[in-house]
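Protein chains in written order, with my numbering: chain V, 1 to 403; chain A, 1 to 411.
For each residue, glycine too, the CB sits at the ideal point set by N, CA and C.
Quick notes on the structure that follows.
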């Protein structure tokens with residue numbers, strides 16, 4: 001039985017969100033904070049547990065007007081939408097006891113401490129499961145809870161490197177390259193979220209919770225498309241080839257005003273491209289019969305073809321290439337620059353991008369929506385990210401006598 | 001045996017869930033592989049027309065074969081010719097007895113077979129339908145054509161990934177498809193939870209463009225509140241908003257060998273410098289604070305690399321990790337196959353395919369104590385499960401099956 005009750009969140013729409021009614025304690029840092037957001041955005045009552053004085057993630061940039069300060073971290077605002085906040089010093093006996101009480105009244109606990117840390121506070125899965133058999137307890141660590149590297153440290157960069165995605169990203173002449181943004185962290189969160197949902201579904205049938213051990217390294221390694229299959233099935237390691245990863249079949253080209261993706265992995269797409277080059281008088285000998293098969297793009301003539309396409313692409317804009325490709329049903333499109341993303345009519349047209357007012361008087365801003373649209377549910381920023389301990393009173397106050 | 005006991009004994013969270021799976025290539029199959037790992041019965045509907053596409057049953061390259069097994073392990077396969085009325089009829093009968101119908105065709109295909117959500121719901125009221133597409137099934141761009149690479153371009157990932165002084169590189173391979181696969185699985189699981197609580201199914205309109213754009217971190221907020229000028233463009237391996245130096249990949253002994261290192265706090269910096277043997281350069285005023293190290297990162301990187309080039313990536317990682325510094329080998333496919341950590345945790349599974357040949361696949365990157373899941377076989381052979389699906393599941397008679405075969409329903 002829960003040792004306490006917690007003020008319920010008031011549903012904001014008539015149809016409950018898929019995770020309405022579930023409560024999750026989010027003790028995670030950057031490796032798991034996106035997982036907490038995914039739960040909160042889908043309706044779970046996610047309570048961010050912060051140390052007194054506020055979570056260190058509040059100091060991560062960028063900041064509103066470039067100036068650090070309370071409520072100004074866009075990193076914090078982005079990753080903590082729809083969460084509530086409680087401040088607790090779980091390193092003290094009193095704080096640990098309070099967290100334990102909260103866990104008894106929760107469905108999910110998410111944490112990213114080093115292996116053994118939560119156990120040392122008596123707050124590991126083993127310490128909670130007897131009294132909370134239904135608890136889904138998810139730990140995300142750089143390398144997992146077991147194995148020779150379990151105590152190794154990792155940042156997003158190191159997770160991306162050890163997971164095998166970095167070695168293949170970039171050009172042959174550049175160092176291995178990380179993806180833009182914190183994709184190793186986000187991937188760990190995405191994978192952890194899948195496991196949490198599986199565990200919640202299993203719990204509906206059995207009443208039993210379970211322990212989930214997520215390794216960021218494995219999360220990345222399972223997300224690379226071709227790194228493992230190439231080595232395991234050919235004996236060769238995949239290498240860096242910039243934006244020509246599909247050879248000349250699926251390639252990006254520099255053009256007049258930036259870069260554009262031009263895919264020619266069908267005979268028709270290749271024919272349409274060389275015919276266009278020919279109309280421009282820039283096809284060289286590419287209309288010859290020997291180039292009829294689009295697999296020629298992977299053959300001995302590939303360098304010759306590449307040089308011709310490169311020269312031709314520079315004479316067209318991204319918009320021209322996109323329009324021609326799309327009107328012929330080829331997946332051609334422009335490489336958008338950062339400032340073009342917020343102008344994208346498809347993202348606005350589907351209600352993916354939304355403008356949300358701040359809950360505490362800060363500026364309103366554009367928030368991205370959810371990774372999928374479910375029938376009947378709108379993505380609301382029901383609440384922008386909380387201030388430190390904003391919900392101490394309603395969650396802890398009175399009941400625990402901490403105030 | 002009741003439902004609850006079944007779950008406890010099998011260690012599979014999705015035991016009893018059936019997925020009719022029309023998806024192909026990468027994103028869709030990787031979504032349903034996540035479900036099949038946990039015991040969902042995934043029936044892959046295949047066609048002779050698409051045998052040799054990537055991950056198809058007749059994948060032409062070794063890599064394609066690997067992808068076939070990696071994304072389709074544990075699934076069943078049937079062949080249906082959807083150009084015949086009999087083929088369509090069988091698909092409808094299967095949709096009627098499935099919990100989930102998954103597809104990633106362009107928007108006109110399923111309706112042309114009478115298998116759009118509304119039609120399936122008429123015969124299976126609580127069905128969950130997963131429609132995965134590049135750009136979503138609504139909105140001004142719903143009819144545009146895209147591949148993973150196109151979506152990476154449109155989302156900004158292509159332009160933003162790479163070093164400022166060279167062409168952007170974008171993500172190697174289709175990050176977009178992998179992300180779409182994760183999003184598709186998440187959406188189905190949310191819908192299964194919702195169905196258990198309300199009895200209602202739903203249609204899931206997954207735009208892989210949106211799934212990918214969701215991973216741009218603070219970009220939307222930053223652009224809208226600070227304006228375009230504030231958003232950095234490509235920053236290579238450094239963080240666009242600062243926060244760490246050194247932070248990058250550093251060349252090591254050997255051919256194309258690198259170690260990734262990130263140092264954030266002063267405490268880490270002091271430990272780092274100590275591992276390097278307190279070289280003179282580390283005491284230079286230009287590196288005396290975190291801010292200065294970031295500002296002088298080019299000079300710093302050169303100094304750091306003067307240490308790493310003298311060592312193997314393995315040595316550099318081991319020495320730095322011993323001092324609590326986040327450092328790791330930039331691992332290639334070969335490195336991953338030998339990685340002692342992945343080995344200890346059993347990340348790579350060796351499972352037999354239909355001919356008993358051992359295939360290597362990736363396991364799910366999470367360990368679950370009560371529902372560990374299991375993958376015991378590779379991808380199915382093309383149309384390997386016709387008997388089970390037609391006879392056992394649909395209860396078709398010999399005559400019925402023969403009639404359909406004569407009509408070309410399985411061609």
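Using 8 Å for Cβ pairs, my map puts residue i next to residue j. What's the rounded Cβ distance?
{"i": "residue 225 of chain V", "j": "residue 174 of chain A", "result": "5 Å"}
{"i": "residue 216 of chain V", "j": "residue 142 of chain V", "result": "5 Å"}
{"i": "residue 415 of chain A", "j": "residue 106 of chain A", "result": "Since the first residue shown for chain A is 1 and the last is 411, residue 415 of chain A is missing from the structure and cannot be characterised."}
{"i": "residue 40 of chain V", "j": "residue 33 of chain V", "result": "Residue 40 of chain V to residue 33 of chain V, Cβ: 10 Å. No contact."}
{"i": "residue 252 of chain V", "j": "residue 243 of chain V", "result": "4 Å"}
{"i": "residue 181 of chain V", "j": "residue 169 of chain A", "result": "Their Cβ separation, rounded to whole angstroms, is 14 Å, which puts residue 181 of chain V and residue 169 of chain A out of contact at 8 Å."}
{"i": "residue 134 of chain V", "j": "residue 72 of chain V", "result": "The Cβ separation is near 39 Å, so there is no contact."}
{"i": "residue 221 of chain V", "j": "residue 362 of chain A", "result": "7 Å"}
{"i": "residue 382 of chain A", "j": "residue 174 of chain V", "result": "The Cβ separation is near 41 Å, so there is no contact."}
Around the C-beta of residue i, are 16 or more other C-beta atoms found within 10 angstroms, so that it is buried, or is it exposed?
{"i": "residue 254 of chain A", "result": "exposed"}
{"i": "residue 310 of chain A", "result": "exposed"}
{"i": "residue 398 of chain V", "result": "Since pLDDT at residue 398 of chain V reaches only 47, below the 50 mark, its modelled position is unreliable, and no value is offered."}
{"i": "residue 4 of chain A", "result": "Any reading at residue 4 of chain A must be qualified, since the residue scores a pLDDT of 45, below 50, and its modelled position is unreliable; the value itself is stated next. So residue 4 of chain A ends up on the exposed side."}
{"i": "residue 275 of chain V", "result": "exposed"}
{"i": "residue 272 of chain A", "result": "buried"}
{"i": "residue 11 of chain V", "result": "Note that residue 11 of chain V scores a pLDDT of 48, beneath 50, so its modelled location is shaky; the value from the coordinates is reported in the next line. Under this definition residue 11 of chain V is an exposed residue."}
{"i": "residue 264 of chain V", "result": "buried"}
{"i": "residue 268 of chain V", "result": "exposed"}
{"i": "residue 77 of chain A", "result": "buried"}
{"i": "residue 85 of chain A", "result": "exposed"}
{"i": "residue 311 of chain V", "result": "exposed"}
{"i": "residue 178 of chain V", "result": "buried"}
{"i": "residue 295 of chain V", "result": "exposed"}
{"i": "residue 195 of chain A", "result": "buried"}
{"i": "residue 364 of chain V", "result": "exposed"}
{"i": "residue 403 of chain A", "result": "exposed"}
{"i": "residue 197 of chain A", "result": "exposed"}
{"i": "residue 399 of chain A", "result": "exposed"}
{"i": "residue 355 of chain V", "result": "exposed"}
{"i": "residue 67 of chain V", "result": "exposed"}
{"i": "residue 98 of chain A", "result": "buried"}
{"i": "residue 37 of chain A", "result": "buried"}
Would residue i pass as a contact of residue j if the rule is Cβ separation under 7 Å?
{"i": "residue 257 of chain V", "j": "residue 317 of chain V", "result": "yes"}
{"i": "residue 405 of chain V", "j": "residue 332 of chain A", "result": "For chain V, the structure presents residues 1 to 403; residue 405 of chain V sits outside this window and is missing."}
{"i": "residue 275 of chain A", "j": "residue 319 of chain A", "result": "yes"}
{"i": "residue 328 of chain A", "j": "residue 239 of chain V", "result": "no"}
{"i": "residue 330 of chain A", "j": "residue 176 of chain V", "result": "yes"}
{"i": "residue 160 of chain A", "j": "residue 234 of chain A", "result": "yes"}
{"i": "residue 290 of chain V", "j": "residue 140 of chain A", "result": "no"}
{"i": "residue 375 of chain A", "j": "residue 74 of chain A", "result": "yes"}
{"i": "residue 155 of chain V", "j": "residue 150 of chain A", "result": "no"}
{"i": "residue 401 of chain A", "j": "residue 331 of chain V", "result": "no"}
{"i": "residue 31 of chain A", "j": "residue 277 of chain A", "result": "no"}
{"i": "residue 191 of chain V", "j": "residue 138 of chain A", "result": "no"}
{"i": "residue 20 of chain A", "j": "residue 101 of chain A", "result": "yes"}
{"i": "residue 244 of chain A", "j": "residue 224 of chain A", "result": "no"}
{"i": "residue 96 of chain A", "j": "residue 123 of chain A", "result": "yes"}
{"i": "residue 218 of chain V", "j": "residue 287 of chain A", "result": "no"}
{"i": "residue 188 of chain A", "j": "residue 212 of chain A", "result": "no"}
{"i": "residue 68 of chain A", "j": "residue 364 of chain A", "result": "no"}
{"i": "residue 200 of chain V", "j": "residue 102 of chain V", "result": "no"}
Does the beta carbon of residue i come closer than 7 Å to any beta carbon on chain C?
{"i": "residue 58 of chain A", "result": "In the displayed structure, chain C is absent; the protein chains listed are V and A."}
Counting pairs of Cβ atoms below 8 Å between the stretch 359-376 of chain V and the stretch 197-215 of chain A, do you hit three or more? Result yes; three or more Cβ-Cβ pairs closer than 8 Å.
Closer than 8 Å is the cut-off here; do at least three beta carbon pairs connect the stretch 218-229 of chain A with the stretch 103-119 of chain A? Two segments are said to touch when three or more pairs of C-beta atoms, one from each, lie closer than 8 Å; by this definition the stretch 218-229 of chain A does not touch the stretch 103-119 of chain A.
Does the stretch 227-238 of chain V come within contact of the stretch 124-138 of chain A, defined as at least 3 CB pairs closer than 8 Å? Counting Cβ pairs under 8 Å, fewer than three are found: no touch.
Pairing CB atoms from the stretch 202-217 of chain V with CB atoms from the stretch 358-376 of chain A, are three or more of them under 8 Å? Short answer: they touch.
Can we say the stretch 39-50 of chain V touches the stretch 336-347 of chain V, given the rule of at least three CB pairs closer than 8 Å? No, the stretch 39-50 of chain V is not in contact with the stretch 336-347 of chain V.
What ranges does the beta strand (DSSP E) occupy inside the stretch 73-149 of chain A, keeping only unbroken runs of at least 3 residues that lie completely in it? As far as the stretch 73-149 of chain A is concerned, its whole beta strand (DSSP E) runs of at least 3 residues are 76-79, 100-103 and 128-133.
Counting beta carbon pairs with one atom in the stretch 348-365 of chain A and one in the stretch 39-46 of chain A, are three or more of them shorter than 8 Å? No, the stretch 39-46 of chain A does not touch the stretch 348-365 of chain A.
The stretch 22-33 of chain V touching the stretch 97-112 of chain V, judged by at least three CB pairs closer than 8 Å: In short, these stretches touch, since the Cβ pair count reaches three.
Which ranges does the alpha helix (DSSP H) cover as unbroken runs of at least 4 residues, wholly within the stretch 44-79 of chain V, from first to last along the chain? You should have 74-79.
Assess, as a yes-or-no matter, whether the stretch 92-105 of chain V is touched by the stretch 120-129 of chain V under the definition of 3 or more beta carbon pairs within less than 8 Å. Contact holds: three or more Cβ-Cβ distances are below 8 Å.
What are the start and end residues of each continuous alpha helix (DSSP H) run of 4 or more residues lying completely inside the stretch 7-37 of chain A, in chain order? Entirely contained in the stretch 7-37 of chain A, the alpha helix (DSSP H) runs reaching 4 residues are, in chain order, 27-37.
Count Cβ pairs between the stretch 337-345 of chain A and the stretch 47-66 of chain A that sit closer than 8 Å; are there 3 or more? Because the criterion of three Cβ pairs below 8 Å is not met, the stretch 337-345 of chain A and the stretch 47-66 of chain A do not touch.
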